[in-house]
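Asker: Residue numbers (the working numbering): 5 to 694. Backbone N, C-alpha and C fix where the C-beta goes; we use that ideal spot for every residue, glycine too.
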């Protein structure tokens, strides 16, 4: 072979290699609507996303900054690629539906550096009909045992100045009111010094996830993450002028880095919901589908339930958590009174806060380590007797563990505390992490705490205990893998209406929450306040909804554990309480009948144990009329519809408790016309006529 021929062959091979490197790898959703292109630009991984042929995410780059080694940025080559498809169905043991379709197309790229030290990194993309997820994989490799990540540089380059519903990218709490602005109007830094957020840490102009957007063309987007495991939570740094977001991991002042992991490992999925309707965001299964299948097996020890509690009393000031106050709430006698009420009203659980010693020193103290133990009750509370009495009446105790944000103390007592619950046959616990985190320099949403929350969840699984976490790390779909993760707070809850100085949660709050926070997973919001004006306990506070909306929230808000929080005196003899008696909390299927972010939403859910359906409709401060078709009902069956609706003069502020009840016979050909007052709602039970 002559020299010229050899040179020609080498040139052809080189050109072929360059062409391979510049080639765009693509993957689409099974229905073809969502398209994703992935490629290298000057050796740096980049991607684009389109929807129905129009750009959604413009060219966005991927990479990392690392401690003590060069960044993962450019200099990569693609050494292999794989594509695959999957279409399967799995069953939720509890939740908003029984069967979940898991249908996606997948692209996996294998990357290697062109120059020494020849590090390797894989990129994994899954595209569904309702959105997409992608993550980084760091395989086992010679010369690289661990990575210390100082920044993850995942970009989301938006195709327009979208309307956005957002809360600040806080490192400690999610208890902010939502803001509605254009993307170019996001200003999270101004939210730093809110009076109710003493422990918050907002270092940059960033937003928390899920963050939801609407394009000028009417496409709905929401950005979040799935399967957050041994990694820092992700906020999204906002570059307003460039219309771009970039991942901003929650850091640690104590360690000086964001994430430390031994290889091999994968990051959480970075997710984008995409829908032509607002309701499609709620109906999406993207987040749970991007998590691994159930690792716990049977979790039937947890029973989805409504529950009463020794809780709202404290927020009203009629009782207290601590014994020294002289008005201790957690007494055996009061617990039994609540159990009796629950047993008579189809309520399966009782939560008791303030039962264990230490509440005199739990808040306002710098050193809160060792304040609580989780096995020693106050002398006026007989834990074993309350459990015994509840079981006799068919009411389960929900344990309460407030850590006062001292998780090392809780870690030391996990075995003792969860063994106690197991020995008493207690199968659910509400955990809490109020306050600035100890140790100083760590934050609620950093890697160190992500791992703590997981330890508590695993300890619960070992002892057949389900966990409802407050002041939590965000939900990222792990309830699929660990279905004892039943609910969490992670938003500005009902209690803010009782004691905040800023007027409480406005009427638009929950019509935003349904399309933002609720996309992450089940919420423990505590709906069902009947004494809307909080009279005579809190004359300067109130709930900013009508009574009918409080009923509707049992359907609108997704949770397998729903509180019935008000004082018993507010419920006894009240005709509208029948809806709370009847409403289910575990669902066969869910349908969003209408909705617009921040304005209104109507959701219908079928009881998993019967053919009965329940509908909840809520609106913001605007009164509105709705026409609801009942075509989702099974053909040939008749139902008794009981409609709990705002009265003719109802208004969230001027007349919040005005309501009316109407009873009709309906079927799948029927339609209902609803009138929702300002800040109002409607709750409907559809009970099969047999």
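At what residues does the alpha helix (DSSP H) containing residue 424 begin and finish?
Answerer: 411-428
Asker: What does DSSP give as the partner residue(s) for residue 169 in the beta ladder?
Answerer: Looking at the DSSP output, residue 169 bridges to 184, 216.
Asker: Per DSSP, residue 310 forms a beta bridge with which residues?
Answerer: 566
Asker: In angstroms with no decimal places, state the Cα-to-Cα distance between residue 613 and residue 520.
Answerer: Computed Cα separation, rounded: 29 Å.
Asker: When the Cα atoms are used, what is the spatial distance from residue 121 to residue 210?
Answerer: 34 Å
Asker: Mind checking which residues open and close the alpha helix (DSSP H) that includes residue 463?
Answerer: 451-466
Asker: Please state whether the Cβ-Cβ distance between residue 306 and residue 524 is less than 7 Å.
Answerer: no
Asker: Give a yes or no on whether the C-beta atoms belonging to residue 103 and residue 93 are separated by under 7 Å.
Answerer: yes
Asker: Looking at C-beta atoms only, is the number of pairs between the segment 437-452 and the segment 401-419 that lie closer than 8 Å three or more?
Answerer: yes
Asker: Excluding sequence positions up to five away, which residues of its chain have a Cβ less than 7 Å from the Cβ of residue 139?
Answerer: 128, 270, 271, 272, 273, 274
Asker: Across the segment 44-55 and the segment 143-158, are there enough close Cβ pairs to call them in contact, namely three or more that are closer than 8 Å?
Answerer: no
Asker: If we count the other Cβ atoms within 10 Å of its Cβ and call it buried at 16 or more, is residue 35 buried or exposed?
Answerer: exposed
Asker: Roughly how many angstroms lie between the CA atoms of residue 539 and residue 365, to the nearest whole one?
Answerer: Within the model, the alpha-carbon separation for residue 539 versus residue 365 is close to 29 Å.
Asker: What's the call for residue 75, buried or exposed, on a 16-neighbour Cβ count within 10 Å?
Answerer: Classification for residue 75: exposed.
Asker: Tell me, which residues are paired with residue 251 by DSSP?
Answerer: 240
Asker: Check whether the Cβ atoms of residue 587 and residue 636 sit closer than 7 Å, and answer yes or no.
Answerer: no
Asker: What does the Cβ neighbour count give for residue 668, buried or exposed, with the cut at 16 atoms within 10 Å?
Answerer: Answer is exposed; the Cβ neighbour count stays below 16.
Asker: Taking the straight line between their C-alpha atoms, what separation do you get for residue 670 and residue 125?
Answerer: 58 Å
Asker: What do you reckon, are the CB atoms on residue 178 and residue 495 nearer than 7 Å?
Answerer: In contact: residue 178 and residue 495 (Cβ atoms closer than 7 Å).
Asker: Helix, strand or coil, according to DSSP, for residue 83 in the structure here?
Answerer: In the three-state reduction of the DSSP assignment, residue 83 falls in the strand class, which pools E and B.
Asker: For residue 384 and residue 424, I'd like the C-alpha separation in whole angstroms.
Answerer: 19 Å
Asker: In the DSSP assignment, the alpha helix (DSSP H) including residue 348 goes from what residue to what residue?
Answerer: Residue 348 -> alpha helix (DSSP H) spans 336-348.
Asker: Apply the 10 Å Cβ neighbour rule to residue 579 and answer buried if 16 or more other Cβ atoms are within range, or exposed otherwise.
Answerer: Residue 579 comes out exposed.
Asker: Looking only at its chain, what residues have a beta carbon closer than 7 Å to the beta carbon of residue 315, apart from the 5 residues adjacent to it on each side?
Answerer: 355, 357, 569
Asker: Is the beta carbon of residue 583 closer than 7 Å to that of residue 575?
Answerer: no
Asker: What did DSSP end up calling residue 681 once you bin it into helix, strand or coil?
Answerer: In this structure, residue 681 counts as coil in the three-state DSSP scheme.
Asker: Measure how close the beta-carbons of residue 382 and residue 319 come, nearest whole angstrom, since I'm counting them as under 8 Å.
Answerer: The beta carbons of residue 382 and residue 319 sit about 19 Å from each other, so the pair does not count as a contact at 8 Å.
Asker: In angstroms with no decimal places, state the Cα-to-Cα distance between residue 679 and residue 554.
Answerer: 16 Å
Asker: Distance check for residue 573 and residue 513, CA to CA, integer angstroms please.
Answerer: 27 Å
Asker: CB-CB under 8 Å to residue 675, same chain, minus the five flanking residues each way: which ones, in chain order?
Answerer: Around residue 675: 631, 632, 633, 634.
Asker: From the DSSP output, in three-state form, read off residue 25 for me.
Answerer: Since pLDDT at residue 25 reaches only 47, below the 50 mark, its modelled position is unreliable, and the value read off the structure follows with that caveat. The answer is helix: DSSP assigns residue 25 an H, G or I state.
Asker: By DSSP's criteria, residue 383 is part of a beta bridge. Which residues make up the other side?
Answerer: None, per the DSSP bridge assignment.
Asker: Identify the continuous beta strand (DSSP E) that holds residue 599 and give its terminal residues.
Answerer: Per DSSP, residue 599 belongs to the beta strand (DSSP E) from 591-600.
Asker: I'd like the span of the alpha helix (DSSP H) that includes residue 447, first residue to last.
Answerer: Residue 447 -> no alpha helix (DSSP H), and no H or E assigned at all.
Asker: If you check the beta carbons only, do residue 312 and residue 351 fall under 7 Å apart?
Answerer: yes
Asker: Spatial neighbours of residue 701 within its chain, please: C-beta separation below 6 Å, excluding the five flanking residues on both sides.
Answerer: Residue 701 lies beyond the residue range present for the chain, which begins at 5 and ends at 694; the question has no answer from this structure.
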